[in-house]
């Protein structure tokens, strides 16, 4: 029997009393690149954090390959938003990537030569091998993002969550991330990405989750990422350009 | 010179030197994590919060045993930690404001209780005010033994859980995602912090203890970009401050030990800010200066070398 890498059922989350996610349900297909798209405050990052158990949920359940997340942690890799940490921390790129192995090391054990090799290989995959020894504050924003990606690769997971990996990165990094996504897909891995740039959604993702507190639609990009459904998602605040090309651009998103 | 060497001959002074050195070592190591987790002021809040704990412990038991007083200090420190955590989580007040509230309330209560005790005239009360500024000179062999054990526990805990503490200091969200019990580790680190503060109060006092926790860590940060090196350096700087401060104080000019340790730590900090390669002010200025000269030179003589060559030929 085929079990889906991620099943979310009736997930609701609230900050204080304000609901952020209401009754979110969907079932992610395996081996796809899935983009989560929606306006600011739609709960995109919240969805990822609630699925990972980083924030408490009001109701609902999340199953990773058919079982609760607490039992399946080793199957899940996570790329947080770049701004979520202090990059002036006294550590090197290699050291940060090695952190991806900590979950498998267990208590008290220090990372050794094997972990170092894995971390170096993961850095090489994002084109950062030569910068392994660099202190992390001396990396550009794009390079920092690639360090986070390499760390997630070091987790050697089957399901990846990425929170806005394309924000504020240079063209080289954007290309590196796209190449990495397709490589992960070829390996049969499932990647769920919070994405904000509507013009690249069709190009980067197979499936799309349109989200605005509730699931507006979830399905293959060709049938889901359409002008009508986007208008519904964004509450009619989108001005479409290039309607024929099918690549909508926000002219006045607010 | 003979006076300095003579210091080490006096067994009493030797104990105090040893004690302050160990205290500096332990608090430097634990302080590194506090500094990196942006909880520098937590040490200040905890040490000030310890004062009412000391007073209440004395009022309840009526004895001035060090163990009882430190237990009171530790209890008050833990209450303060939870208080700060509670305020931050359950109101819109941010951590800095919560720290300020808890620190001042506890310290105020502590001063009131201290005055109360001093006026109560129970012949036993003198010496509690030593907790304000500490009194390293009163340390005896058993105190130092306690300090030694506690410092070893602090350093060993940080060495054993180095990987875990590094992870929760850098990226707690990621740590939680991987299944590390971040809340437990958080509280454990805070407990180590409270222990360091409590043992330090006796030597340095509630007012100055925060300096011994944070100053060595900040100084160490200037010298390295690696966490392991930074923690080791902070411990060394702390130990050095304890040693030198005590030595100056014991060399006969009757100055208080705790404040001298803090001043020594500050001197190390000033030296770090000025001279540390990489981050220090002077090396930075030198690099900028030489870069500017190189730039000026390369701008001034692009054509000249070629010309000169032709002349030679």
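Residue numbers (our numbering), protein chains in the order written: chain A, 5 to 258; chain B, 1359 to 1671. No residue lacks a Cβ here, since even glycine has one placed at the ideal position from N, Cα and C. Predicted, not measured: the structure shown is a model, and the values here were computed from it.
Task: As assigned by DSSP and simplified to three states, the class of residue 24 of chain A - done: On the first chain, residue 24 of chain A is found 20 positions in, with the first residue counted as 1. Strand, per DSSP.
TODO: To the nearest angstrom, report how far apart residue 251 of chain A and residue 88 of chain A are at their CA atoms.
DONE: The residue labelled residue 251 of chain A in the question sits at position 247 within the first chain. The residue labelled residue 88 of chain A in the question sits at position 84 within the first chain. Legend: pLDDT at residue 251 of chain A = 49, less than 50; position of this residue unreliable, value from coordinates given subsequently. The C-alpha of residue 88 of chain A is placed about 31 Å away from the C-alpha of residue 251 of chain A.
Open item on the list: By the three-class DSSP mapping on this structure, what secondary structure does residue 1466 of chain B have?
Closed with: Here residue 1466 of chain B is taken as the residue at index 108 of the second chain, counted from 1. Correct three-state label for residue 1466 of chain B: helix.
Task: Where the beta strand (DSSP E) through residue 273 of chain A begins and ends - done: Only positions 5 to 258 of chain A appear in this structure, which leaves residue 273 of chain A out of reach.
Task: Which residues DSSP lists as bridging residue 60 of chain A, in chain order - done: Within the first chain, the letter at position 56 stands for residue 60 of chain A. In DSSP, residue 60 of chain A forms no bridge with anything.
Task: Cα-Cα separation, residue 139 of chain A to residue 1583 of chain B - done: Position 135 of the first chain holds residue 139 of chain A. Position 225 of the second chain holds residue 1583 of chain B. One alpha carbon belongs to residue 139 of chain A, the other to residue 1583 of chain B, and they sit about 6 Å apart.
Open item on the list: Looking at the strands, I want to know which residues DSSP matches up with residue 203 of chain A.
Closed with: By one-based count along the first chain, residue 203 of chain A stands at place 199. Residue 203 of chain A is not bridged to any residue.
Task: Proximity test, Cβ basis, 9 Å: residue 96 of chain A and chain B - done: Taking the first chain and counting its residues from 1, the one referred to as residue 96 of chain A is at position 92. Chain B, which has a Cβ nearer than 9 Å to the Cβ of residue 96 of chain A, makes this yes.
Task: Classification of residue 1477 of chain B by the beta-carbon crowding that lies within 10 angstroms, buried from 16 upward - done: Residue 1477 of chain B sits at position 119 when you count from the first residue of the second chain. The Cβ neighbour count for residue 1477 of chain B, taken over all protein chains shown within 10 Å, is under 16; the residue is labelled exposed.
Open item on the list: Let's see if you can read the secondary structure: which residues bound the alpha helix (DSSP H) around residue 1650 of chain B?
Closed with: Translated into positions along the second chain, residue 1650 of chain B becomes position 292. In the DSSP assignment, residue 1650 of chain B falls within the unbroken alpha helix (DSSP H) covering 1639-1658.
- [ ] Report yes if the CB atom of residue 1460 of chain B is closer than 9 Å to the CB atom of residue 1441 of chain B, and no otherwise.
- [x] Within the second chain, residue 1460 of chain B is the residue found at index 102, counting from 1. Within the second chain, residue 1441 of chain B is the residue found at index 83, counting from 1. Contact flag set, yes.
Open item on the list: Check this for me: beta carbons of residue 100 of chain A and residue 12 of chain A, under 9 Å apart or not?
Closed with: As a first step, residue 100 of chain A must be located in the first chain, where it is residue number 96. As a first step, residue 12 of chain A must be located in the first chain, where it is residue number 8. Not closer than 9 Å, so no.
Open item on the list: Counting only Cβ pairs nearer than 8 Å, list the residues of chain D close to residue 93 of chain A.
Closed with: In the structure shown, chain D does not exist; the protein chains are A and B.
Open item on the list: Which of the three DSSP states is assigned to residue 1379 of chain B in this structure?
Closed with: Taking the second chain and counting its residues from 1, one reaches residue 1379 of chain B at position 21. Residue state, collapsed to three classes: helix.
Task: Inter-residue spacing [alpha-carbon to alpha-carbon] between residue 1418 of chain B and residue 1466 of chain B - done: Looking up residue 1418 of chain B in the second chain gives position 60. Looking up residue 1466 of chain B in the second chain gives position 108. Their Cα atoms are separated by approximately 19 Å.
- [ ] Along the beta strand (DSSP E) that carries residue 150 of chain A, what are the first and last residues, could you check?
- [x] What you label residue 150 of chain A is simply residue 146 of the first chain in a count that begins at 1. Run containing residue 150 of chain A: none in the beta strand (DSSP E); it sits in the alpha helix (DSSP H), 145-158.
Open item on the list: Using the three-state DSSP reduction, which class does residue 95 of chain A fall into: helix, strand or coil?
Closed with: The count along the first chain starts at 1 and reaches residue 95 of chain A at position 91. Residue 95 of chain A: coil per DSSP, three-state reduction.
- [ ] Indicate the three-state DSSP secondary structure (helix, strand or coil) for residue 139 of chain A in the structure shown.
- [x] Taking the first chain and counting its residues from 1, one reaches residue 139 of chain A at position 135. Residue 139 of chain A falls in the strand class under three-state DSSP.
Open item on the list: Using 9 Å as the threshold, is the C-beta distance between residue 40 of chain A and residue 48 of chain A below it?
Closed with: Position 36 of the first chain, counted from the first residue, corresponds to residue 40 of chain A. Position 44 of the first chain, counted from the first residue, corresponds to residue 48 of chain A. Cβ distance < 9 Å, so residue 40 of chain A and residue 48 of chain A count as in contact.
Open item on the list: Assuming residue 1593 of chain B is part of the alpha helix (DSSP H), what are its boundary residues?
Closed with: To locate residue 1593 of chain B, count along the second chain from 1; it is residue 235. Where residue 1593 of chain B is concerned, the enclosing alpha helix (DSSP H) stretches over 1585-1606.
Open item on the list: Checking the sheet assignment: what are the DSSP bridge partners for residue 194 of chain A?
Closed with: For the purposes of this step, residue 194 of chain A is taken as residue 190 along the first chain, with counting starting at 1. Beta-bridge pairing links residue 194 of chain A to A/163.
Task: Nearest neighbour of residue 149 of chain A, chosen from A/174, A/164, A/134 [CA to CA] - done: Translated into positions along the first chain, residue 149 of chain A becomes position 145. Among A/174, A/164, A/134, the Cα nearest to that of residue 149 of chain A belongs to A/174.
Open item on the list: So for residue 39 of chain A, helix, strand or coil by DSSP?
Closed with: For the purposes of this step, residue 39 of chain A is taken as the residue at position 35 of the first chain. Note: residue 39 of chain A maps to strand in three-state DSSP.
Open item on the list: Assuming contact is defined by CB atoms lying nearer than 9 Å, are residue 131 of chain A and residue 176 of chain A in contact in what I supplied?
Closed with: Within the first chain, numbered from 1, the residue matching residue 131 of chain A stands at position 127. Within the first chain, numbered from 1, the residue matching residue 176 of chain A stands at position 172. Against a cut-off of 9 Å, the Cβ pair of residue 176 of chain A and residue 131 of chain A comes out as a contact.
- [ ] Quick one: which residues of the region 60-73 of chain A get their C-beta closer than 8 Å to a C-beta of chain B? List them in chain order.
- [x] From the region 60-73 of chain A, no residue has a Cβ closer than 8 Å to chain B.
Open item on the list: According to DSSP, simplified to helix, strand and coil, what is residue 1395 of chain B?
Closed with: What you label residue 1395 of chain B is simply residue 37 of the second chain in a count that begins at 1. It is coil, neither helix nor strand.
TODO: Please determine, among B/1526, B/1556, B/1373, B/1445, the residue with the shortest C-alpha to C-alpha distance to residue 1543 of chain B.
DONE: In the second chain, counting from the first residue as 1, residue 1543 of chain B sits at position 185. Per the Cα distances, B/1526.
TODO: Using only alpha-carbon positions, find the residue among A/60, A/220, A/165 that is nearest to residue 20 of chain A.
DONE: Residue 20 of chain A sits at position 16 when you count from the first residue of the first chain. Nearest C-alpha to residue 20 of chain A: A/60.
TODO: Give me whichever residues DSSP pairs with residue 1388 of chain B in a beta bridge.
DONE: Taking the second chain and counting its residues from 1, one reaches residue 1388 of chain B at position 30. BP columns for residue 1388 of chain B are empty, so no partner.
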